[in-house]
Amino acid sequence: MIVVKIGGRVVKNSLDKVILDIANINDKVILVHGGGDIVTDYTKRLGIEPVFVTSPEGIRSRYTTKEELEVYIMAMSLINKMITSKLCSLGKNAIGITGADGGLLLAERKKRIIVIDERGKKRIIEGGYTGKVKEVRSEVINHLMKLFDIIVVSPLALDVEESTPLNIDGDQAAFAISKAVKVNVLVILSDVEGVLVEGKVVDRLTPEEAKELSKKIGPGMNRKLLMAAESVENGVNKVIIGSGVKDRPVSSALELNGTVIVNG
862 MIVVKIGGRV
872 VKNSLDKVIL
882 DIANINDKVI
892 LVHGGGDIVT
902 DYTKRLGIEP
912 VFVTSPEGIR
922 SRYTTKEELE
932 VYIMAMSLIN
942 KMITSKLCSL
952 GKNAIGITGA
962 DGGLLLAERK
972 KRIIVIDERG
982 KKRIIEGGYT
992 GKVKEVRSEV
1002 INHLMKLFDI
1012 IVVSPLALDV
1022 EESTPLNIDG
1032 DQAAFAISKA
1042 VKVNVLVILS
1052 DVEGVLVEGK
1062 VVDRLTPEEA
1072 KELSKKIGPG
1082 MNRKLLMAAE
1092 SVENGVNKVI
1102 IGSGVKDRPV
1112 SSALELNGTV
1122 IVNG
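With the numbering used here, the residue at position 256 of the sequence shown is 1117, and numbering never jumps.
Take a look at the structure:
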């Protein structure tokens, strides 16, 4: 079993390549998708100006209000069903769900978050409707995998305490699921060839090397490296960070093109 995570830019620019490639892979697949650019587009169409915040670590992320949460759910559901429909039309036995379905991903809403304001000062604001995954109900995945070859998952989670779905980071969802079911390979596809240092792709890293390198590279990729290291330390055989915009993107990553984080 493998997990594939595709970022928003891959969804927007290279989705058909990913779908066709996954349809030809002879393994069980959990596909976790993003779609931030599409969410932003729909938000603006509906007259809602999207808001983005920057953390003290320099990570820029969507600030999800109650109003925008509804748009987020709508857009992610559209992406999910488009992917699932195309896979089914290619003869694959696929199902599309969100992390909230079946309580697959249980999360806690961030009550407060620290951001950097326009003056460069740290400020504490209301957390909105974003969450952090606290639990993965792996039995949901295991039961579905007895019936389907491919599970397409939207990055939503359920906050049981507040009875609300939450926007969660797609990478976080993919890493959490991978650790919970201890998949053989987790493939993270973005618009770059892998982890770049001085313009060159780093081919291979141990978890310890990944943690060390995370201190020296930019926001976004540093979090991927930290989560990749933790995943390998918790039972995932290997994590591969590669390009989702080339031909055969998943197969290419499985052929170890990109940055491979693995023990030893």
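Positions of the beta carbon are idealized from the N, C-alpha and C atoms, including for glycine. Computed from a predicted model, the values in this text were never measured in an experiment.
Contact set for residue i: own chain, Cβ-Cβ below 6 angstroms, skip 5 residues either direction
{"i": "L1066", "result": "I1122"}
{"i": "A1090", "result": "P1068, A1071, K1072"}
{"i": "L1087", "result": "S1075"}
{"i": "I867", "result": "V879, H894, L1050, G1105"}
{"i": "V1042", "result": "S999, I1002"}
{"i": "G1063", "result": "It should be pointed out that residue 1063 corresponds to Val in this sequence rather than to Gly. Hits under 6 angstroms: V1056, T1120."}
{"i": "F1036", "result": "M1088, S1092"}
{"i": "K1061", "result": "none"}
Within-8 angstroms CB hit, residue i to chain D
{"i": "G908", "result": "Protein chain content of the structure displayed is limited to a single chain, and chain D is not contained in it."}
Collapsed DSSP secondary structure at residue i in the structure displayed
{"i": "I934", "result": "helix"}
{"i": "V1106", "result": "coil"}
{"i": "L1027", "result": "strand"}
{"i": "E976", "result": "The identity of residue 976 in the sequence shown is Val, whereas the question assumes Glu. Reduced to three states, the DSSP call for V976 is strand."}
{"i": "A961", "result": "coil"}
{"i": "D1032", "result": "helix"}
{"i": "I1002", "result": "helix"}
{"i": "E1094", "result": "helix"}
{"i": "V1042", "result": "helix"}
{"i": "V1021", "result": "coil"}
{"i": "K971", "result": "coil"}
{"i": "L953", "result": "In the sequence on display, residue 953 carries Lys and not Leu. Coil."}
{"i": "L966", "result": "strand"}
{"i": "K1085", "result": "helix"}
{"i": "K1007", "result": "helix"}
{"i": "K982", "result": "coil"}
Other residues of its chain near residue i: CB distance less than 8 angstroms, five sequence neighbours each side excluded
{"i": "A884", "result": "L948, L951, G952, K953"}
Sequence-distant residues of its chain with Cβ nearer than 7 angstroms to residue i (five each side left out)
{"i": "K927", "result": "Y990"}
{"i": "K971", "result": "G988, T991, G992, K993"}
{"i": "K1040", "result": "S1092, N1095, G1096, V1097"}
{"i": "L907", "result": "V932"}
Cβ-Cβ separation, residue j to residue i (assumed contact under 8 angstroms), whole Å
{"i": "G896", "j": "I940", "result": "5 angstroms"}
{"i": "N1028", "j": "Y933", "result": "5 angstroms"}
Between the segment 906-923 and the segment 872-884, are three or more C-beta pairs nearer than 8 angstroms?
no
Within the segment 1046-1076, ranges of the beta strand (DSSP E) (whole runs, at least 3 residues)
1046-1051
What alpha helix (DSSP H) runs, 4 residues minimum, are completely inside the segment 869-944?
869-884, 897-906
Below 8 angstroms, how does it come out for the segment 1103-1116 and the segment 1046-1064: are there three or more Cβ pairs, yes or no?
yes
Could you tell me whether the segment 1009-1016 touches the segment 955-962, where touching means 3 or more Cβ pairs closer than 8 angstroms?
yes
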